[in-house]
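Visitor:
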Amino acid sequence: MSSINNLLSKFRQHFSRGDEKKSDKGQNLLPKIILGVIFVGVTVLFFPHSASYRFANLSEGSVSDQEIIAPFTFYIMKGENELKRDREKAIQQVLPVFIRDDSVAAQALKKFDQIITDILTIRIVKEPDTRKLMELRQIAKENNIILSDKNLEFFLRRNIVSKHSARSKSSKIDLERYFQILRGILEDIYTVGILDIDKKDIPFSHQQILVQENGKFVEQKAKYLYDLEEAKTGGWLKLLLNYLGRIAIVIIALLPLTIFLLRQRPTIFWDDRLLIMITTTMLFLLFLTFIVLHYGLSKFVVPVVVLPMVLTIYFDSRVGFVSAISLILLIGILCGNDLDIVIVSVFATTMALTSLSFFRHRKRLANSVLFIGGAYFISICTLGLLRQIPLTELLQHCGNGVINGILTPIITYGFIMFFDSIFDVTSEFKLLELSDMNSPLLKMLAVRAPGTYHHSLLVSNLSEAAAEAIGANALLAKVGAYYHDIGKIFMPEYFVENQQTGKNPHDKLSPWVSSLILVNHVRKGIELAEEHKLPTAIKAFIMEHHGQSLMKYFYDKALRQKNSKSINEADFHYPGRRPTTKETGIVMLADSVEAFSRSIKEPNVGKIRNAVRGIIDERIRSGELDDCPLTVKELTIIAESFNKILLGVYHARIEYPVQQEPIEPKVTTKKSKVSLVES
Numbered sequence: 003m004s005s006i007n008n009l010l011s012k013f014r015q016h017f018s019r020g021d022e023k024k025s026d027k028g029q030n031l032l033p034k035i036i037l038g039v040i041f042v043g044v045t046v047l048f049f050p051h052s053a054s055y056r057f058a059n060l061s062e063g064s065v066s067d068q069e070i071i072a073p074f075t076f077y078i079m080k081g082e083n084e085l086k087r088d089r090e091k092a093i094q095q096v097l098p099v100f101i102r103d104d105s106v107a108a109q110a111l112k113k114f115d116q117i118i119t120d121i122l123t124i125r126i127v128k129e130p131d132t133r134k135l136m137e138l139r140q141i142a143k144e145n146n147i148i149l150s151d152k153n154l155e156f157f158l159r160r161n162i163v164s165k166h167s168a169r170s171k172s173s174k175i176d177l178e179r180y181f182q183i184l185r186g187i188l189e190d191i192y193t194v195g196i197l198d199i200d201k202k203d204i205p206f207s208h209q210q211i212l213v214q215e216n217g218k219f220v221e222q223k224a225k226y227l228y229d230l231e232e233a234k235t236g237g238w239l240k241l242l243l244n245y246l247g248r249i250a251i252v253i254i255a256l257l258p259l260t261i262f263l264l265r266q267r268p269t270i271f272w273d274d275r276l277l278i279m280i281t282t283t284m285l286f287l288l289f290l291t292f293i294v295l296h297y298g299l300s301k302f303v304v305p306v307v308v309l310p311m312v313l314t315i316y317f318d319s320r321v322g323f324v325s326a327i328s329l330i331l332l333i334g335i336l337c338g339n340d341l342d343i344v345i346v347s348v349f350a351t352t353m354a355l356t357s358l359s360f361f362r363h364r365k366r367l368a369n370s371v372l373f374i375g376g377a378y379f380i381s382i383c384t385l386g387l388l389r390q391i392p393l394t395e396l397l398q399h400c401g402n403g404v405i406n407g408i409l410t411p412i413i414t415y416g417f418i419m420f421f422d423s424i425f426d427v428t429s430e431f432k433l434l435e436l437s438d439m440n441s442p443l444l445k446m447l448a449v450r451a452p453g454t455y456h457h458s459l460l461v462s463n464l465s466e467a468a469a470e471a472i473g474a475n476a477l478l479a480k481v482g483a484y485y486h487d488i489g490k491i492f493m494p495e496y497f498v499e500n501q502q503t504g505k506n507p508h509d510k511l512s513p514w515v516s517s518l519i520l521v522n523h524v525r526k527g528i529e530l531a532e533e534h535k536l537p538t539a540i541k542a543f544i545m546e547h548h549g550q551s552l553m554k555y556f557y558d559k560a561l562r563q564k565n566s567k568s569i570n571e572a573d574f575h576y577p578g579r580r581p582t583t584k585e586t587g588i589v590m591l592a593d594s595v596e597a598f599s600r601s602i603k604e605p606n607v608g609k610i611r612n613a614v615r616g617i618i619d620e621r622i623r624s625g626e627l628d629d630c631p632l633t634v635k636e637l638t639i640i641a642e643s644f645n646k647i648l649l650g651v652y653h654a655r656i657e658y659p660v661q662q663e664p665i666e667p668k669v670t671t672k673k674s675k676v677s678l679v680e681s
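Written as structure tokens, this is what we have:
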């Protein structure tokens, strides 16, 4: 008995880890904040590097769809090449200007006196002439004086005369020698043409037209707009405010998606894997937008619709559409507040999601090309007629839109394959593969446990109908119901639906052993799911379809065998995890309802309705639905859905009369006459 209790406690610890992980995940906002900061920072990097992104949609050769006027007087700044050319021209035209600087003259005379002092000092020192000559050479070199050895010897052998003596003999001195000396001593004290070329070029007055509406955009006009934005954001404070504005606009664009996920889809918001998946897709598309704008390509080639298609396939169309709104706002801002790309993208997104509501199979994803390409073609043509765009340019834009429609499903499929393998999420395409009745697990279940197999089919029908009725993921509920009992492949004869001989082996077992066998089918189911690499979403149905419910039959049996005070009720509870999603909650209810309905004798409308209502009420009272987001209204709708299905299965049949033996006629031939005679 102790070994059984130990084994049950291990099971409980194994499954309780999931609840602890979920509660921790629900309280941890730090990963979401870090992810948001990274997303905002990277998105801001995709903004144009100029001071403003207002005119990012205009490129050389394009046509402006608006008239742009100067909001204030500003100057067009000259470029580096133009400024250099003007300076060279000014140098050639302006004569050299010499400015007398008395301080320079005084400094030169002071320097000259110092040289004379040094020479006199050398002459006084008692050293060999060769040594003195070397020192004079060093002085001449340090002061840039060009003197021959003969001149240096002159300074050694001749006395330096007084001013009076020198002045009296000045007429006899060769001045060229002194000019030569002074050239080395004196520095150039003239400044050539101080040129202050103004960097400002053409002034634009307030309200002056910079670019005309429907006018061709050329390189010179692009410079006008750039200088206008530089004039607006001049100074580091204005530049800082500009970047703060960029960060704020990205946050505002993300608010609709963030609030929607937090309020309407909390399971997505609190799952870090899913948030990383969404932000990765958005950043990829924003990066493509950056590349398109950088190389001057058409903005209509950006596959905006990829994001809503991917998220619709994984989650639902509401998640896809709201995420598309946030992405389209950001792309419109990156394109220079371009309204055209916003209108076209919203229309294309709507048509793409419409196509996905019609088509589910993977091979039909290609059919969305018609919807997306057609949406781009129609919306671009409409805007072209409104803007009066030239026919050739309009056709070019339409062609880009059609190419976008062709590439979008291909890129979408690539993202789905990537996310299925990396993030362990389950797309509708993956679910459709798992719903194939020829899959190894389902074939094994049908052969080894045929009763469980047919039970699973009925549970899947109930679950699918109920999920559709409340707007949950019907395909996920259906496929999850297929696999929820695969653990019964092992020891199938211990489950009542497989006891075709009418013998119940539990009659010979103690209730504790029987409860352990029932619990074991959940553990074996998880092992099979991991062995066959089933997605986490499917494994959740195996773990949660019994929750922590009580095995009443064996608990009552134990009470009858022993004193109730010595029995631990926890030994007869499933050690699983309570349902955490609407789909797993529906399968839990469908599993119980289908099993109980087979025990109803002479089923009718009243008995079936009471049974369904009773099971749902019991699950609510026992707390099995406490972690499940199903509302009371949805539970009522689920009950009605179950009733319709079960009434169809157990409908009353017309009692046909017993067929009597057919009367064989006797044939009598007389005079070629044939008559039928009853016997």
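If you count the sequence shown from 1, you need to add 2 to reach our numbering.
All residues carry an ideal CB built from backbone N, CA and C; glycine is no exception.
Expressed to the nearest angstrom, what Euclidean distance is found between the alpha-carbon atoms of Ser458 and Ser381?
Guide: Whole-angstrom Cα-Cα distance: 48 Å.
Visitor: Please name the residue or residues paired with Leu552 in a DSSP beta bridge.
Guide: DSSP, once it has assigned bridges, lists His575 as partnering Leu552.
Visitor: From Ala350, Phe317, Asn475 and Pro268, pick the residue whose C-alpha is nearest to that of Asp629; which is it?
Guide: Residue Pro268 is the option with its Cα nearest to Asp629.
Visitor: Measure from the alpha carbon of Ile639 to the alpha carbon of each residue in Leu256, Gly38, Glu533 and Ala471, then state which is nearest.
Guide: When each option's Cα is compared against that of Ile639, the closest is Ala471.
Visitor: The alpha helix (DSSP H) spanning Asn612 covers which residue range?
Guide: Segment Val607 to Arg623, the alpha helix (DSSP H) holding Asn612.
Visitor: When you compare each of Tyr496, Leu518 and Asn500 to His508 by their alpha carbons, which one comes out closest?
Guide: Residue Tyr496 is the option with its Cα nearest to His508.
Visitor: Which value, in whole angstroms, describes the spacing of the CA atoms of Lys2 and Lys152?
Guide: A question about residue 2 goes unanswered here, because the residues of the chain that appear run from 3 up to 681.
Visitor: In whole angstroms, what separates the C-alpha of Gly289 from that of Asp274?
Guide: According to the sequence provided, residue 289 is Phe. The question's Gly does not apply to it. If I take the Cα positions, the gap works out to 22 Å.
Visitor: DSSP on Asp629, reduced to helix/strand/coil?
Guide: Coil at Asp629, not helix or strand.
Visitor: Can you give the Cα-Cα distance for Arg139 and Lys113, rounded to whole angstroms?
Guide: Each residue's Cα considered, the two are about 17 Å apart.
Visitor: Which residue from Ile126, Glu129, Pro130 and Ile118 puts its Cα closest to that of Ile141?
Guide: Among Ile126, Glu129, Pro130 and Ile118, the Cα nearest to that of Ile141 belongs to Ile118.
Visitor: On the CB-based measure, 16 or more other CB atoms within 10 Å of its CB, does Arg525 come out buried or exposed?
Guide: Buried is the call here.
Visitor: Between which residues of its own chain and Thr45 is the CB-CB distance below 8 Å, once the five residues before and five after are set aside?
Guide: Cβ neighbours of Thr45 beyond the five flanking positions: Val252, Leu285, Leu288 and Leu332.
Visitor: Could you check the C-alpha separation between Leu367 and Val303 for me, to the nearest Å?
Guide: Cα to Cα, Leu367 sits roughly 19 Å from Val303.
Visitor: Check for me: the alpha helix (DSSP H) holding Val515 runs from which residue to which?
Guide: Note, Val515: alpha helix (DSSP H), Pro513 to Glu533.
Visitor: Put Gln563 into one of helix, strand or coil per three-state DSSP.
Guide: Here Gln563 sits in helix by DSSP.
Visitor: Could you say if the stretch 571-582 and the stretch 428-448 meet the contact criterion of at least three C-beta pairs nearer than 8 Å?
Guide: Contact between the stretch 571-582 and the stretch 428-448 is absent, because fewer than three Cβ pairs lie under 8 Å.
Visitor: If you measure from the beta carbon of Arg248 to each beta carbon in chain D, is any gap under 7 Å?
Guide: Note that chain D does not occur in the displayed structure, where there is just one protein chain.
Visitor: Whose C-beta lies closer than 6 Å to the C-beta of Lys292 among residues of the same chain, with five residues either side of it excluded?
Guide: Per the sequence shown, the amino acid found at residue 292 is Phe instead of Lys. Answer for Phe292: Phe48, listed in chain order.
Visitor: What span of residues does the alpha helix (DSSP H) with Thr638 cover, start to end?
Guide: Residues Val634 to Val651.
Visitor: How big is the Cα-Cα spacing for Leu393 and Asn402?
Guide: One C-alpha to the other measures close to 14 Å.
Visitor: Using the rule of at least 16 other Cβ atoms within 10 Å of the residue's Cβ for burial, across every protein chain shown, is Gly43 buried or exposed?
Guide: Classification of Gly43: exposed, given that the 10 Å Cβ count is below 16.
Visitor: Between the C-alpha atoms of Met493 and Leu309, what's the straight-line distance to the nearest angstrom?
Guide: Computed Cα separation, rounded: 46 Å.
Visitor: Using C-beta distances below 8 Å, list every residue in its chain close to Ser172, excluding the 5 sequence neighbours before and after it, in chain order.
Guide: Note that Ser172 scores a pLDDT of 47, beneath 50, so its modelled location is shaky and nothing firm can be said.
Visitor: If you follow the alpha helix (DSSP H) that Tyr316 is in, where does it begin and where does it stop?
Guide: Val308 to Tyr316 is the extent of the alpha helix (DSSP H) around Tyr316.
Visitor: Compute the Euclidean distance between the alpha carbons of Leu9 and Lys541, then round it to the nearest angstrom.
Guide: Interpretation of Leu9 is limited by its pLDDT of 45, a score under 50 that renders its predicted location unreliable; no figure is taken from the coordinates.
Visitor: Which class does Asn339 belong to by DSSP, given the choice of helix, strand or coil?
Guide: Three-state DSSP puts Asn339 in coil, outside helix and strand.
Visitor: Which residue comes first and which comes last in the alpha helix (DSSP H) that contains His457?
Guide: Its alpha helix (DSSP H) spans residues Pro452 to Ile472.
Visitor: Starting from the Cα of Ala502, find the closest Cα among Arg450, Leu385 and Pro537 and give me that residue.
Guide: Checking the displayed sequence, the identity of residue 502 turns out to be Gln instead of Ala. Of the listed residues, the one whose Cα sits closest to Gln502 is Arg450.
Visitor: From Ile588, Ile491, Arg248 and Trp514, pick the residue whose C-alpha is nearest to that of Lys339; which is it?
Guide: For the sequence presented, residue 339 should be read as Asn rather than Lys. With distances taken between Cα atoms, Asn339 lies closest to Arg248.
Visitor: Which runs of the beta strand (DSSP E) spanning at least 3 residues fall entirely within the stretch 130-158, listed in chain order?
Guide: The stretch 130-158 contains no whole beta strand (DSSP E) run of 3 or more residues.
Visitor: On a CA-only basis, which of Glu604, Thr352 and Tyr557 is nearest Val515? Give me that one, please.
Guide: Selected option, being the one with the closest Cα: Tyr557.
Visitor: Express the C-alpha separation of Ser150 and Phe702 in angstroms, rounding to a whole number.
Guide: This structure gives no information on residue 702, because the portion of the chain shown stretches from 3 to 681.
Visitor: In angstroms with no decimal places, state the Cα-to-Cα distance between Thr384 and Leu276.
Guide: If you take the alpha carbons of Thr384 and Leu276, they lie about 37 Å apart.
Visitor: Under 6 Å Cβ to Cβ from Ile588, same chain only, skipping five residues before and after it: list those, please.
Guide: Contacts found: Ser465, Ala468, Ala469 and Ala479.
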